[in-house]
Amino acid sequence: MRARDQEFAEFFSARFDGARRIAFAMCGSWSDAEEIAQNAFVRVYARWAKVRIDTVDAYLRTVLTRVFLDSRRRGRSREHAVAELPERPVPPDHSAHERIAMHAALMAVPPGQRAVLVLRFVADLSVEQVAETLGCSTGTVKSQTARGLATLRAAYQDGPNLARNA
Amino acid sequence: MNPDDRMHAALRAVADEPAPPAVTTLDQVITKGRRRVLVQRGATVAAVVGVVAAIGVGGVVLRSAAEGQGARPAGPPSATATTTTPGVPSVPTTGNQPPETTGAGEPSPTLLPGWHWVGVPADRDVGDDCKGGMPAGTAPDLSLPPKATVTETFLDAVGKAAGHPTLVDNSWEGYSPKTKSPHGFLDANVDMGDGPGSIQLEVDHFGGTPEAAADADLGSYGSCAPPSRTTLDDGTVLQLEQGDWRDPKLPMQHLRVYQPNGRLYIVTTAGYGKSDLVPADGEGYTITNGRGRLPVDAAGIAEIALALADLGL
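Shown next as structure tokens:
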């Protein structure tokens with residue numbers, strides 16, 4: 546294996562699962578998440594020689610988010626907001642139930658705002674890092690976060706109402 | 415814990431759901447990635463071929479029209495005819511903020527004092543690479559400057575910036591079939607300790623104003639990384655591309671000098687030398703071994719370019 550591929554292989558094995566989880570949080574489907582993460586890594590590989598190793602994580606986040614948003618733009622008909630719990634096996638515990646309810650509510654948030662929420666609260670990035678990832682201002686990130694949280698709060702409370710009852 | 419805190423906590427836990435096994439393999443990603451690189455390179459080559467063809471066809475059409483009207487005899491069009499060329503999109507300037515860097519293991523981009531970054535227009539982004547814009551005008555009929563003067567100045571500047579140079583290649587063609595114009599070329603190799611590095615000079619010409627020509631060439635090396643630029647008192651524009659590290663062992667960097675008289679000097683530094691050229695099976699050469707670094711830094715290549723600009727030829 547060439548040195549370039551060896552270096553990329555290490556990056557792939559260390560980051561693919563995390564990227565797939567972030568993509569899952571954004572799109573709500575493991576199969577779509579797999580596709581999004583795979584496309585993102587293909588793009589990173591194509592640009593591997595140009596990307597500085599100390600910024601490659603940021604570049605991966607940017608590509609991953611763009612692939613997700615592009616997939617939503619191309620296939621809006623496939624996008625359906627889920628404000629109620631989807632049919633799933635009964636979760637084993639309360640926290641799992643709450644997590645599934647939250648994910649269902651998250652799918653009710655528009656994709657752009659959802660990407661911001663996932664990057665902020667799931668990937669745990671700062672406002673500045675999210676702005677860099679999305680190529681927008683910090684003000685835009687803050688406003689998108691506020692709107693996204695408002696939509697999420699409404700969907701979450703209208704759904705299982707776990708937050709109030711817990 | 416208030417409801418908002420609970421909501422944030424639940425949000426953070428969204429990705430903790432047990433995941434099915436991943437089906438994507440490294441081989442799949444690498445195979446698709448290589449295919450993507452090939453497609454992008456193909457698109458770049460196609461774009462260059464298309465632009466060259468368009469220029470050729472346009473030239474023939476214009477010349478035929480001029481001959482048909484008896485307006486003037488056939489010959490090289492004057493620089494004023496360049497106004498028919500489509501305008502170059504406005505170019506955002508990123509000032510003194512450092513741009514995104516372009517290669518793993520490469521030095522950070524350097525902004526020299528008095529220079530500023532110039533962004534590549536978004537419409538030149540063809541995926542992960544960029545393409546140059548339309549020529550800013552038709553190049554003037556300009557003969558080459560005296561070879562001895564340019565060579566002496568070039569070698570002297572290379573010697574100061576990178577150590578003793580050895581001239582390994584030179585040509586001074588009144589008409590080059592390759593560029594279809596007068597074209598000069600010098601290649602000086604310098605010792606980099608573990609092998610040679612190359613500093614090359616091309617002498618060519620351009621159409622339009624120096625700034626318009628420099629704008630038109632943004633992205634022309636295939637990279638979307640913004641170059642840096644400075645303008646001298648006489649209107650000469652110097653445009654320094656960021657290093658090209660697509661092949662980390664064989665880096666290159668280009669600095670283009672656009673003089674108000676239409677003269678274009680292109681200084682190129684490369685992390686390999688003539689002795690690294692290996693004859694290919696058919697014709698030409700291939701390069702498999704390089705130093706993995708450039709023979710001079712940004713300041714060094716700028717010094718060489720400034721020495722040539724000072725000639726005013």
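Going down the list, the protein sequences come from chains P and Z. Position one of the first sequence corresponds to residue 546 (our numbering), numbered consecutively onward. Position one of the second sequence corresponds to residue 415 (our numbering), numbered consecutively onward. Backbone N, C-alpha and C fix where the C-beta goes; we use that ideal spot for every residue, glycine too. In this text, all values refer to a predicted model and were calculated from it rather than measured experimentally.
- [ ] Confirm, please, whether the CB-CB distance from V572(Z) to A570(P) is below 9 Å.
- [x] Numbered from 1 along the first sequence, position 25 holds the residue referred to as residue 570(P). Numbered from 1 along the second sequence, position 158 holds the residue referred to as residue 572(Z). For A570(P) and V572(Z), no; Cβs fall outside 9 Å.
Task: Proximity below 9 Å, CB of F620(Z) to CB of A553(Z) - done: Numbered from 1 along the second sequence, position 206 holds the residue referred to as residue 620(Z). Numbered from 1 along the second sequence, position 139 holds the residue referred to as residue 553(Z). Cβ distance < 9 Å, so F620(Z) and A553(Z) count as in contact.
Task: Beta-bridge partners of W575(P), as assigned by DSSP - done: Working through the first sequence from its first residue, we reach residue 575(P) at position 30. In DSSP, W575(P) forms no bridge with anything.
Task: Euclidean distance between Cα positions of L678(Z) and Q614(Z) - done: The residue given as residue 678(Z) occupies position 264 in the second sequence. The residue given as residue 614(Z) occupies position 200 in the second sequence. Between L678(Z) and Q614(Z), the C-alpha separation is close to 14 Å.
- [ ] With DSSP as the reference, label V681(Z) as helix, strand or coil.
- [x] The residue given as residue 681(Z) occupies position 267 in the second sequence. Three-state DSSP puts V681(Z) in a strand.
Task: Classification of V437(Z) by the beta-carbon crowding that lies within 10 angstroms, buried from 16 upward - done: On the second sequence, residue 437(Z) is found 23 positions in, with the first residue counted as 1. V437(Z) is exposed by the Cβ-count criterion.
Open item on the list: My output table needs one value for P491(Z): the three-state DSSP class, helix, strand or coil.
Closed with: Here residue 491(Z) refers to the residue found at position 77 when the second sequence is read from its first residue. A caution first: P491(Z) carries a pLDDT of 30, below 50, which makes its placement in the model unreliable, though a value can still be read off. Three-state DSSP puts P491(Z) in coil, outside helix and strand.
Task: Where D583(Z) sits in the DSSP three-state scheme - done: Your numbering for residue 583(Z) matches position 169 in the second sequence. Note: D583(Z) maps to strand in three-state DSSP.
Open item on the list: Could you tell me the alpha carbon to alpha carbon distance between G657(Z) and R538(Z), rounded to whole angstroms?
Closed with: Here the question's residue 657(Z) lines up with position 243 in the second sequence. Here the question's residue 538(Z) lines up with position 124 in the second sequence. Answer to the nearest angstrom: the Cα atoms are 19 Å apart.
TODO: Give me the Cα-Cα distance between N603(Z) and R670(Z), rounded to the nearest whole angstrom.
DONE: The count along the second sequence starts at 1 and reaches residue 603(Z) at position 189. The count along the second sequence starts at 1 and reaches residue 670(Z) at position 256. So the alpha carbons of these two residues sit roughly 19 Å apart.
- [ ] Identify whether L600(Z) lies in helix, strand or coil by the three-state DSSP scheme.
- [x] Start at 1 with the first residue of the second sequence, and residue 600(Z) comes out as number 186. L600(Z): strand per DSSP, three-state reduction.
TODO: Check whether the Cβ atoms of A684(Z) and P665(Z) sit closer than 9 Å, and answer yes or no.
DONE: Indexing the second sequence from 1 puts residue 684(Z) at position 270. Indexing the second sequence from 1 puts residue 665(Z) at position 251. Going by C-beta atoms, A684(Z) is nearer than 9 Å to P665(Z).
TODO: Could you tell me whether any Cβ in chain P is nearer than 9 Å to the Cβ of V443(Z)?
DONE: As a position in the second sequence, residue 443(Z) is number 29, starting the count at 1. Interface residue, yes.
Open item on the list: Below 7 Å on C-beta distance, what does G447(Z) contact in chain P?
Closed with: Residue 447(Z) sits at position 33 when you count from the first residue of the second sequence. Simply V587, Y590, A591.
Task: Minimum C-alpha distance to S557(Z) - residue among A721(Z), L452(Z), N675(Z) - done: As a working mapping, residue 557(Z) is identified with position 143 in the second sequence. Comparing Cα-Cα distances from S557(Z) to each of A721(Z), L452(Z), N675(Z), the minimum goes to N675(Z).
TODO: Check the C-beta distance from A578(P) over to C572(P) and give it rounded, since I have them as a contact under 8 Å.
DONE: For this step, residue 578(P) is matched to residue 33 along the first sequence. For this step, residue 572(P) is matched to residue 27 along the first sequence. With 8 Å as the limit, A578(P) and C572(P) qualify as a contact, their Cβ atoms being about 6 Å apart.
Task: Segments of 4+ residues assigned as alpha helix (DSSP H) that fall wholly inside the segment 641 to 671 of chain P - done: 656 to 662
- [ ] Using a Cβ-Cβ cut-off of 9 Å, state whether R450(Z) counts as contacting chain P.
- [x] By one-based count along the second sequence, residue 450(Z) stands at place 36. Closer than 9 Å to some Cβ of chain P, the Cβ of R450(Z) qualifies, so yes.
Task: Given 8 Å, three or more beta-carbon pairs between the segment 706 to 720 of chain Z and the segment 573 to 585 of chain Z - done: yes
Task: Contacts around Q673(Z), its chain only, beta-carbon distance under 6 Å, and the 5 residues preceding and following it disregarded - done: Along the second sequence, one-based indexing puts residue 673(Z) at 259. Excluding positions up to five away in sequence, the list reads T650.
Task: 9 Å Cβ cutoff, D562(P) in contact with chain Z - done: To locate residue 562(P), count along the first sequence from 1; it is residue 17. Yes, its Cβ sits closer than 9 Å to a Cβ of chain Z.
Open item on the list: Comparing C-alpha positions only, which one of A626(Z), T623(Z), R660(Z) sits nearest to S637(Z)?
Closed with: Position 223 of the second sequence, counting from 1, holds the residue named residue 637(Z). When each option's Cα is compared against that of S637(Z), the closest is R660(Z).
Open item on the list: Beta-carbon within less than 6 Å of Y604(P)'s beta-carbon, same chain only, minus the 5 sequence neighbours each way: which residues are those?
Closed with: For the purposes of this step, residue 604(P) is taken as the residue at position 59 of the first sequence. Answer for Y604(P): V596, listed in chain order.
- [ ] Check whether the Cβ atoms of T610(P) and A660(P) lie closer than 9 Å to each other.
- [x] Looking up residue 610(P) in the first sequence gives position 65. Looking up residue 660(P) in the first sequence gives position 115. Against a cut-off of 9 Å, the Cβ pair of A660(P) and T610(P) comes out as a contact.
- [ ] Below 7 Å CB to CB, which residues in the same chain sit around G714(Z) once its five sequence neighbours on both sides are set aside?
- [x] Start at 1 with the first residue of the second sequence, and residue 714(Z) comes out as number 300. Hits under 7 Å: A575, A576.
Open item on the list: Quick check on the DSSP output: the alpha helix (DSSP H) that includes I715(Z) runs from which residue to which?
Closed with: By 1-based counting over the second sequence, the position of residue 715(Z) is 301. Here the alpha helix (DSSP H) through I715(Z) covers 712 to 725.
- [ ] Whole angstroms is fine: what's the gap from R448(Z)'s alpha carbon to R643(Z)'s?
- [x] For the purposes of this step, residue 448(Z) is identified with residue 34 of the second sequence, where counting begins at 1. For the purposes of this step, residue 643(Z) is identified with residue 229 of the second sequence, where counting begins at 1. Cα-Cα distance, rounded: 33 Å.
Task: Any C-beta of chain Z under 9 Å from that of S671(P) - done: Working through the first sequence from its first residue, we reach residue 671(P) at position 126. Closer than 9 Å: no.
- [ ] Using a Cβ-Cβ cut-off of 9 Å, state whether T700(Z) counts as contacting chain P.
- [x] Position 286 of the second sequence holds residue 700(Z). It does not; no Cβ of chain P falls within 9 Å.
Open item on the list: Quick check on M666(Z): does DSSP put it in helix, strand or coil?
Closed with: As a first step, residue 666(Z) must be located in the second sequence, where it is residue number 252. The answer is strand: DSSP assigns M666(Z) an E or B state.
TODO: Grab me the residues of G704(Z)'s own chain with a C-beta within less than 7 Å of its C-beta, minus the 5 sequence neighbours each way, in chain order.
DONE: Within the second sequence, the letter at position 290 stands for residue 704(Z). The answer, listed in chain order, is K663, L664, G685, Y686, D690.
Task: CB of G706(Z) within 9 Å of CB of S634(Z), strictly - done: On the second sequence, residue 706(Z) is found 292 positions in, with the first residue counted as 1. On the second sequence, residue 634(Z) is found 220 positions in, with the first residue counted as 1. Going by C-beta atoms, G706(Z) is not nearer than 9 Å to S634(Z).
- [ ] Starting from the beta carbon of A427(Z), find every residue of chain P whose beta carbon is closer than 8 Å, and list them in chain order.
- [x] By 1-based counting over the second sequence, the position of residue 427(Z) is 13. S640, E643, R644, M647, listed in chain order.
Open item on the list: When you compare the segment 579 to 593 of chain P with the segment 655 to 670 of chain P, are there three or more beta-carbon pairs, one atom per stretch, that lie closer than 8 Å?
Closed with: no
Task: Rounded separation between P591(Z) and M606(Z) - CA only - done: As a working note, residue 591(Z) is residue 177 in the second sequence. As a working note, residue 606(Z) is residue 192 in the second sequence. Going from the Cα of P591(Z) to the Cα of M606(Z) covers about 34 Å.
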